[in-house]
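Below is one structure, written out as structure tokens; the observations come after it.
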Ligand code: ATP
């Protein structure tokens, strides 16, 4: 097994063992590229979503949120270009009957050239592939696959079908009678729910340009091949913000959001060299600038977030298809116009995965003569699924009751967990593995003087404190201010 595969396998098994992520419908052998979040996963995911929401909505007085439905009028997807253009080029191997994305087969070859130091070959192939994709030249993609002598990893043969386009949208029927006119789609992105509500929000919120609308929610894509765990799923969650600006000012705002979003990533405590900004050299026809924020996963730098200057394309398309004006009267210049849009779009599941890759570490600990290893999830305290674990030293003599008293006082403000099984050391290890920043132990002394042992996750330092001091310590350490300190 390669190193990359090993590190991904480690994350997958940790996520399962500690209740972060399970394969969907596992007892039926699972459903490909669909995952369920478990009791710890859902807490971490919720906290990551909140980190985004606070940074985008609460920290910007000109950004508000919405929660649009997953189903939308089918014309929305005609207008947005998804019905005609949201395709990936696919190719089948006739012997293994396996399906691949033609561009990914070529990208894997480019990666290989790069790893082998054959940069000229990598650049030429990249160029040829970009040209084929831009011209929608499927025959050329097939020729490139043949020229590169790319074989199917399963059958080992080069017996390929033609390259065809495959639309990634899922469709279903609305109402009880199946009829073409009732066809609706599961949204492949959340952004369109924002565009169609642009005027509703602007008018009811009395928003003045520049302003933004933020949304988090599920999106669905029938990915041809889904791989790398929650990196590429068929049902996933996006966190998107569309920022509406006066035409001509979009590049200023594009820079603002590029910088702001990168700072947001770095404030998770991740070093700058783990990130890379990838500037798109070939832009979509509606965009006038686009970058991806990429993270250095064990399988290479991959996109986690896109920042796009989308011009007035989307609002104009909806204006045309709906026949309704989607304009803004700008009192400062006394003009009506269709605003330009700068979008930030991040996948919550990819953010979850990068957090796991970055924060999950195995480290050596020495205890007197003994050296041991512990697995610890070093995430910022405010993101931890459980903030405080409370252990009675023994299961008798009133210690469990005392521990539960402490929890009862704090549980509405902090997620707490009661643990009485196994030795204290084992309980610490279990909490380390899910990232719990604080553990306290209630012992016989507690019954006499209300003191407890507080143990810190990262330093493993232990100190004796009074129960009455606990709330202030938690408030200081578990605070959004620790990670939400950056300005625009
Ligand atoms: P990719 O090139 O990796 O397919 P994309 O460019 O199609 O991604 P966008 O349409 O820009 O992605 O979507 C914005 C964000 O949504 C991405 O940066 C990514 O974090 C997330 N995302 C997109 N597709 C998936 C997926 N299938 N599974 C999980 N997250 C996804």
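Numbering (this note's numbering), first residue to last: 31 to 518. C-beta atoms are modelled at their ideal positions from N, C-alpha and C, and glycine is treated no differently.
Span of the beta strand (DSSP E), counted from its first residue to its last, around residue i
i: residue 442; result: It is not in any beta strand (DSSP E) - residue 442 carries neither H nor E in the DSSP assignment.
i: residue 333; result: 330-341
i: residue 53; result: 51-53
i: residue 45; result: Not the beta strand (DSSP E): residue 45 falls in the alpha helix (DSSP H), residues 33-47.
i: residue 401; result: 400-407
i: residue 448; result: 446-448
i: residue 202; result: 200-203
Start and end residues, alpha helix (DSSP H) containing residue i
i: residue 458; result: 454-464
i: residue 222; result: 221-226
i: residue 197; result: Residue 197 -> not in any alpha helix (DSSP H); beta strand (DSSP E) instead, spanning 194-197.
i: residue 160; result: 149-164
i: residue 173; result: 168-177
Distance CB(residue i)-CB(residue j) smaller than 8 Å
i: residue 327; j: residue 387; result: yes
i: residue 382; j: residue 78; result: yes
i: residue 281; j: residue 319; result: yes
i: residue 466; j: residue 420; result: no
i: residue 329; j: residue 53; result: no
i: residue 471; j: residue 73; result: no
i: residue 189; j: residue 123; result: yes
i: residue 98; j: residue 351; result: no
i: residue 223; j: residue 96; result: yes
i: residue 325; j: residue 304; result: yes
i: residue 296; j: residue 250; result: no
i: residue 344; j: residue 371; result: yes
i: residue 221; j: residue 86; result: no
i: residue 273; j: residue 240; result: yes
i: residue 194; j: residue 168; result: yes
i: residue 118; j: residue 196; result: yes
i: residue 509; j: residue 412; result: yes
i: residue 406; j: residue 462; result: yes
i: residue 200; j: residue 157; result: no
i: residue 10; j: residue 64; result: The first residue shown for the chain is 31 and the last is 518, placing residue 10 beyond what the model contains.
i: residue 267; j: residue 379; result: yes
i: residue 376; j: residue 269; result: yes
i: residue 409; j: residue 374; result: no
i: residue 457; j: residue 404; result: no
i: residue 265; j: residue 248; result: yes
i: residue 366; j: residue 357; result: yes
i: residue 432; j: residue 476; result: yes
i: residue 254; j: residue 131; result: yes
i: residue 418; j: residue 468; result: yes
i: residue 513; j: residue 298; result: yes
i: residue 61; j: residue 116; result: no
Residues that residue i bridges to, as DSSP identifies them
i: residue 421; result: 471
i: residue 324; result: 306 and 333
i: residue 495; result: 482
i: residue 395; result: 402
i: residue 190; result: 123
i: residue 319; result: 339
| field | Segments of 4+ residues assigned as alpha helix (DSSP H) that fall wholly inside the segment 64-147 | value | 69-83, 104-109, 112-115 and 132-145
| request: With a floor of 4 residues, list each alpha helix (DSSP H) that falls wholly inside the segment 347-393, ordered by position along the chain. | output: 378-389
| said: In chain order, what are the residue ranges of uninterrupted alpha helix (DSSP H) at least 4 long that sit wholly in the segment 212-299? | reply: 221-226, 228-234 and 280-296
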